[in-house]
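K.L.:
Numbering (this note's numbering), first residue to last: 19 to 325.
#1: What is the DSSP secondary structure of residue 39, counted as helix, strand or coil?
#2: Cβ of residue 184 within 8 angstroms of Cβ of residue 244?
#3: Thinking C-beta only, is residue 261 closer than 8 angstroms to residue 168?
#4: For residue 190, collect the residues of the same chain with a Cβ closer than 6 angstroms to its Cβ; drop the 5 residues on either side in sequence, then sort them by chain order.
#5: Which stretch, first to last residue, makes up the beta strand (DSSP E) that contains residue 73?
#6: Buried or exposed for residue 179, please, with buried defined as at least 16 other CB atoms from any protein chain shown within 10 angstroms of its CB.
#7: Tell me which residues share the same chain as residue 66 and place their Cβ nearer than 7 angstroms to its Cβ, disregarding the 5 neighbours each side in the sequence.
#8: Confirm, please, whether the CB-CB distance from residue 69 to residue 126 is below 8 angstroms.
#9: Could you tell me whether the Cβ atoms of residue 116 and residue 165 are closer together than 8 angstroms?
#10: Mapping DSSP to helix, strand and coil, what is residue 238?
#11: Can you tell me whether residue 233 is helix, strand or coil according to DSSP?
#12: Start and end of the alpha helix (DSSP H) containing residue 113?
#13: Would you kindly check if the distance between the Cβ of residue 194 and the Cβ of residue 254 is under 8 angstroms?
#14: Less than 8 angstroms separating the beta-carbons of residue 236 and residue 274?
#15: Just the C-alpha distance for residue 249 and residue 188, rounded to the nearest angstrom, thanks.
#16: What does the alpha-carbon distance come out to for the pair residue 297 and residue 120?
#17: Mapping DSSP to helix, strand and coil, what is residue 185?
#18: Per DSSP, which one or two residues make a beta bridge with residue 247?
#19: Please report the straight-line C-alpha distance between residue 272 and residue 241, rounded to a whole angstrom.
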């Protein structure tokens, strides 16, 4: 009889759960308490699961910090002035302040594994490269400091006026990293337009830009300065807000140049915005006289006023 009782109270342990046989029925056994039971994540206040990257944190903040550290060129910008109170709600709303809190409490990037991340599954209906690039730029503009507080009409006007500038800056940065590959793509674009009037200015712009060796942060600030240019966009309702944002961006660019021991690069980068205006004007004229412009994506036609 004692053997039967002992057998009925035997515990079966599996990989994911523990089961206990009682009274002829198999029931789940209560979860064992861990050494972190009752502890809270020092980042967001959620239930902690252990020490991750030198800090007692939850699984959510652990995964967030790993993604930010392992993804290259990840840029997070707070839309609320960088003063978000980090809790279970705001941790999903503001990645910039969440990362700031992770760093403040002591998370260490060197503790993150350098293993290659898993490849994401391709979407069933992939978007065309042109539309994907435009939507990516739109999301960047929306994240810029103060941009989402502008009137919708002003936002649209600023984006339409700066799309070509942002494209040239991105291409110039790619040229600085890989001149041969980027120039092949540029040659294809110029050849498709069947007009070499813009050929020499573009090549000169790329060469001089590459000579300055700008960082990705500098490129991002230049794109933002191109967006916040009230004098170029027609019909801006609140030009003062746009100008105030541009002043902040200019100061930020100057700070980055000094920090990176490139103070002489700052005035040269600002002057490149003037060169961009010429390229923008020349490129827009070419598109307006392009006979095949009606074959372009409708979103691009609207951005470049080709309707």
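We put the beta carbon where it would ideally sit given N, CA and C, even for glycine.
P.N.:
On the basis of the data shown:
#1: Per-residue confidence for residue 39 stands at a pLDDT of 47, beneath the threshold of 50, marking its modelled position as unreliable; no derived number is given.
#2: Against a cut-off of 8 angstroms, the Cβ pair of residue 244 and residue 184 comes out as a contact.
#3: No. Outside cutoff.
#4: The residues are 224, 227.
#5: Its beta strand (DSSP E) spans residues 73-75.
#6: Buried, by the Cβ-count rule.
#7: The residues are 54, 57, 58, 59, 74, 75, 76.
#8: For residue 126 and residue 69, no; Cβs fall outside 8 angstroms.
#9: No, they are not a contact pair.
#10: Reduced to three states, the DSSP call for residue 238 is helix.
#11: Coil.
#12: Here the alpha helix (DSSP H) through residue 113 covers 113-123.
#13: It is not a contact, given that the beta carbons lie outside the stated cut-off.
#14: In this structure, residue 274 lies closer than 8 angstroms to residue 236 by Cβ.
#15: Cα to Cα, residue 249 sits roughly 22 angstroms from residue 188.
#16: The alpha-carbon atoms of residue 297 and residue 120 are separated by roughly 42 angstroms.
#17: Of the three classes helix, strand and coil, the one that applies to residue 185 here is helix, per DSSP.
#18: In DSSP, residue 247 forms no bridge with anything.
#19: So the alpha carbons of these two residues sit roughly 15 angstroms apart.
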